[in-house]
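Participant: Residue numbers (our numbering): -3 to 449.
Every residue, glycine too, gets a C-beta built ideally from N, C-alpha and C.
All figures in this text were calculated on a predicted structure; none of them were measured in a lab.
Quick one: the structure is below, questions incoming.
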């Protein structure tokens, strides 16, 4: 099998594949015999069909399949072995049925060639890096959140915004009287959490109430479309919950309030295990560090966007095989018109240019993602996921185990690989360019991002 490439334009080429019978005949016979061995053919036992009969029955399809696979594989191998970078995928110039009587064939593919250009990332290039300042308000909110999270639930005298309310919940009729019929909904030991109500007006009915008070509220309005929560509150099925519209009366028998954790050594160890936090000053310093770490990915994201735009602007002034790429886009979707393909190409253009620039930088800096890199990155992702649910004191063994299970999911692992690769790339870029450090408030940072969007 002979493969040759001929340029038709600067960035367009034709790959010609010349095939003779000796290239494919053995594979065709092998595939035909496998069909005879595995497929039930009327009038024959499996494995007892002559090759000539198999060729008459399946010759065209098998030969076509073998040729298509073999030729395309050789095209890809040729490109790889000769280090020819292409954009999109090779497109067959003609699509036609295989002539079974013919022995030798010539196939041709159109390809779009990647442009040749140089990328030199150095200190002459300046990229801004926006650090988000940790405000007193952020520290105050984080402190309150953590103290509530590590606080305790205790009996209270008055219902506040975070209280749980216990008592008998009774269905009321249209006149506001307790329904006493056999099918009446009555929950003797009920419990509600007004802070989680979908309707604030219903939650506000409980504020300031004390043990012994009665509150008339509407559970259906309180829970909104959450039928599972409504069914759980009233001890009924979700099907019946969907029919509930009446008001109910809750006679308060107990109020459970959240008592925030008090500052002290025990609390410090719970919030920052393994970290030396001995007093209030060190505690608030640790809070600042925690918030700064949580904000850092936003700064990194903004830097990555800015770096990408600056580098594409500087190095992306090259031509692309535009007509080929539009044709390739159309070939991927037979419903796409020429106008749609042109529009899609224009949308993709910045991404295509960045991909080419990025690959040049990665090659020059020898960016590779190892198994250790993957595990370390997955652990960082796991840490962020745990932190979202307030789980700040997970041990390294638990985090590592969770990260390994994440990597067992092939689709998710592929996403993590791409993210880890980009992280290494942008870390390399940060080390190469001049960083213009800027400190901004969260509101200022949001305006920068919104303006970019």
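At what residues does the alpha helix (DSSP H) containing residue 313 begin and finish?
Facilitator: Locating residue 313 in the chain shown gives position 317, counting from the first residue. Unbroken run through residue 313: none, as it is neither H nor E.
Participant: CB-CB under 7 Å to residue 242, same chain, minus the five flanking residues each way: which ones, in chain order?
Facilitator: Stepping through the chain shown from its first residue, residue 242 is reached at position 246. Cβ within range, chain order: 167, 168.
Participant: Flag this pair as touching only if the segment 126 to 139 and the segment 285 to 299 have three or more C-beta atom pairs under 8 Å; answer yes or no.
Facilitator: Touching, yes, given that three or more Cβ pairs across the two stretches are closer than 8 Å.
Participant: Return the CA-CA distance between residue 45 and residue -2, expressed in angstroms with no decimal places.
Facilitator: Taking the first residue of the chain shown as 1, we reach residue 45 at position 49. Taking the first residue of the chain shown as 1, we reach residue -2 at position 2. Distance between the alpha carbons of residue 45 and residue -2 is about 34 Å.
Participant: In chain order, what residues of the same chain lie with their CB nearer than 6 Å to the CB of residue 81, ignoring the 5 residues before and after it?
Facilitator: As a first step, residue 81 must be located in the chain shown, where it is residue number 85. These residues qualify, in order along the chain: 110.
Participant: Check residue 72 in the structure and name its three-state DSSP category.
Facilitator: For the purposes of this step, residue 72 is identified with residue 76 of the chain shown, where counting begins at 1. Helix at residue 72.
Participant: How long is the line joining the alpha carbons of residue 338 and residue 94, rounded to whole angstroms?
Facilitator: Within the chain shown, numbered from 1, the residue matching residue 338 stands at position 342. Within the chain shown, numbered from 1, the residue matching residue 94 stands at position 98. So the two alpha carbons sit approximately 33 Å from each other.
Participant: My output table needs one value for residue 193: the three-state DSSP class, helix, strand or coil.
Facilitator: To locate residue 193, count along the chain shown from 1; it is residue 197. Looking at residue 193 - three-state DSSP - the assignment turns out to be coil, as it is neither helix nor strand.
Participant: Measuring alpha carbon to alpha carbon, tell me which residue in 258, 112, 68, 207 is nearest residue 88.
Facilitator: Residue mapping note: residue 88 aligns to position 92 of the chain shown, counting from 1. Of the candidates 258, 112, 68, 207, the one whose C-alpha sits nearest the C-alpha of residue 88 is 68.
Participant: Quick check: what's the CA-CA separation for residue 54 versus residue 99?
Facilitator: Position 58 of the chain shown holds residue 54. Position 103 of the chain shown holds residue 99. If I take the Cα positions, the gap works out to 17 Å.
Participant: Using the Cα positions of residue 221 and residue 211, report the straight-line distance between them to the nearest angstrom.
Facilitator: What you label residue 221 is simply residue 225 of the chain shown in a count that begins at 1. What you label residue 211 is simply residue 215 of the chain shown in a count that begins at 1. Approximately 22 Å, taken between the alpha carbons.
Participant: Contact defined as beta carbons within less than 8 Å: I believe residue 186 pairs with residue 254. What is the distance between those atoms, to the nearest angstrom?
Facilitator: Sequence index remark: in the chain shown, residue 186 carries index 190 (1-based). Sequence index remark: in the chain shown, residue 254 carries index 258 (1-based). Going by Cβ atoms, the distance from residue 186 to residue 254 rounds to 19 Å, so no, they are not a contact pair.
Participant: Got a sec? Which residues, its chain only, sit under 6 Å from residue 443 by beta carbon, not counting five neighbours each side?
Facilitator: To locate residue 443, count along the chain shown from 1; it is residue 447. Taken in chain order, the list of residues that qualify is empty.
Participant: Could you tell me if residue 229 is buried or exposed, where buried requires 16 or more neighbouring beta carbons within 10 angstroms of its beta carbon?
Facilitator: Walking along the chain shown from the start, residue 229 turns up at place 233. Classification of residue 229: buried, given that the 10 Å Cβ count is 16 or more.
Participant: Does any CB atom of chain C fall closer than 8 Å to the CB of residue 286?
Facilitator: No chain C is present in this structure, which holds just one protein chain.
Participant: With 16 other CB atoms within 10 Å as the buried threshold, where does residue 19 fall?
Facilitator: The residue you call residue 19 lines up with position 23 of the chain shown. Flag for residue 19 reads buried.
Participant: So, at 8 Å on beta carbons, what are the nonlocal neighbours of residue 227 in its own chain, with the 5 sequence-adjacent residues on each side left out?
Facilitator: Sequence index remark: in the chain shown, residue 227 carries index 231 (1-based). Here the set comprises 233, 234, 236, 237.
Participant: Take residue 120 as the anchor and find which of 445, 96, 425, 435 has the nearest alpha-carbon.
Facilitator: Taking the chain shown and counting its residues from 1, the one referred to as residue 120 is at position 124. Cα-wise, what sits closest to residue 120 is 425.
Participant: Report the rounded CA-to-CA distance for residue 25 versus residue 413, giving the unit in angstroms.
Facilitator: Looking up residue 25 in the chain shown gives position 29. Looking up residue 413 in the chain shown gives position 417. Between residue 25 and residue 413, the C-alpha separation is close to 41 Å.
Participant: Assuming the contact rule is C-beta atoms closer than 8 Å, residue 58 and residue 28 should be a hit. Round their C-beta distance to whole Å, please.
Facilitator: What you label residue 58 is simply residue 62 of the chain shown in a count that begins at 1. What you label residue 28 is simply residue 32 of the chain shown in a count that begins at 1. Yes, residue 58 and residue 28 are in contact; Cβ-Cβ is about 6 Å, under 8 Å.
Participant: Measure how close the beta-carbons of residue 209 and residue 181 come, nearest whole angstrom, since I'm counting them as under 8 Å.
Facilitator: Position 213 of the chain shown holds residue 209. Position 185 of the chain shown holds residue 181. That belief does not hold up - the Cβ atoms of residue 209 and residue 181 are roughly 21 Å apart, past 8 Å.
Participant: Take residue 51 and list the residues in its own chain whose beta-carbon comes closer than 7 Å to its own, dropping the five residues that flank it on each side.
Facilitator: Locating residue 51 in the chain shown gives position 55, where the first residue counts as 1. Only 28 meet the Cβ criterion.
Participant: Out of 390, 160, 296, 427, which has the shortest C-alpha to C-alpha gap to residue 267?
Facilitator: Counted from its first residue, the chain shown places residue 267 at position 271. Closest option to residue 267, Cα to Cα, is 390.
Participant: Would you decide whether residue 113 is buried or exposed? Buried here means 16 or more other CB atoms lie within 10 Å of its CB.
Facilitator: Residue mapping note: residue 113 aligns to position 117 of the chain shown, counting from 1. Burial call: exposed.
Participant: Hey, would you say residue 320 sits closer than 8 Å to residue 104, going by beta carbons?
Facilitator: Stepping through the chain shown from its first residue, residue 320 is reached at position 324. Stepping through the chain shown from its first residue, residue 104 is reached at position 108. Contact: no.
Participant: Based on the DSSP secondary-structure assignment, which residues constitute the bridge partners of residue 166?
Facilitator: Working through the chain shown from its first residue, we reach residue 166 at position 170. The partner list for residue 166 (beta bridge, DSSP) reads 182, 245.
Participant: Can you give me the start and stop residues for the alpha helix (DSSP H) that residue 86 sits inside?
Facilitator: Start at 1 with the first residue of the chain shown, and residue 86 comes out as number 90. Run containing residue 86: none in the alpha helix (DSSP H); it sits in the beta strand (DSSP E), 82 to 88.
Participant: Could you tell me the boundaries of the beta strand (DSSP E) in which residue 151 lies?
Facilitator: Numbered from its first residue, the chain shown carries residue 151 at position 155. 148 to 151 is the span of the beta strand (DSSP E), which, as asked, contains residue 151.
Participant: Provide the residue span of the beta strand (DSSP E) that contains residue 126, from first to last.
Facilitator: Residue numbering aside, residue 126 sits at position 130 when the chain shown is read from its first letter. Start and end: 122 to 128.
Participant: Tell whether a beta-carbon distance below 8 Å holds between residue 294 and residue 431.
Facilitator: For the purposes of this step, residue 294 is taken as residue 298 along the chain shown, with counting starting at 1. For the purposes of this step, residue 431 is taken as residue 435 along the chain shown, with counting starting at 1. No; because the gap between Cβ atoms is not below 8 Å, this pair is not in contact.
Participant: Can you tell me where the beta strand (DSSP E) holding residue 105 begins and where it ends?
Facilitator: Walking along the chain shown from the start, residue 105 turns up at place 109. Its beta strand (DSSP E) spans residues 101 to 109.
Participant: Given a threshold of 16 other Cβ atoms within 10 Å of its Cβ, counted over all protein chains shown, does residue 11 qualify as buried or as exposed?
Facilitator: Walking along the chain shown from the start, residue 11 turns up at place 15. Buried is the call here.
Participant: Does the segment 153 to 163 come close enough to the segment 197 to 208 that 3 or more CB-CB pairs lie under 8 Å?
Facilitator: Counting Cβ pairs under 8 Å, three or more are found: they touch.
Participant: Which of the three DSSP states, helix, strand or coil, is assigned to residue 432?
Facilitator: Reading the chain shown from its first residue, position 436 is the one you call residue 432. DSSP places residue 432 in strand when its eight states are reduced to three.
Participant: Taking all protein chains shown into account, do 16 or more other C-beta atoms lie within 10 angstroms of the C-beta of residue 270, making it buried, or fewer, making it exposed?
Facilitator: Here residue 270 corresponds to residue number 274 of the chain shown, with the count starting at 1. The residue in question, residue 270, is exposed, as its Cβ has fewer than 16 Cβ neighbours within 10 Å.
Participant: At which residues does the beta strand (DSSP E) containing residue 138 begin and terminate?
Facilitator: Position 142 of the chain shown, counted from the first residue, corresponds to residue 138. Note, residue 138: premise wrong, no beta strand (DSSP E); alpha helix (DSSP H) at 132 to 145.
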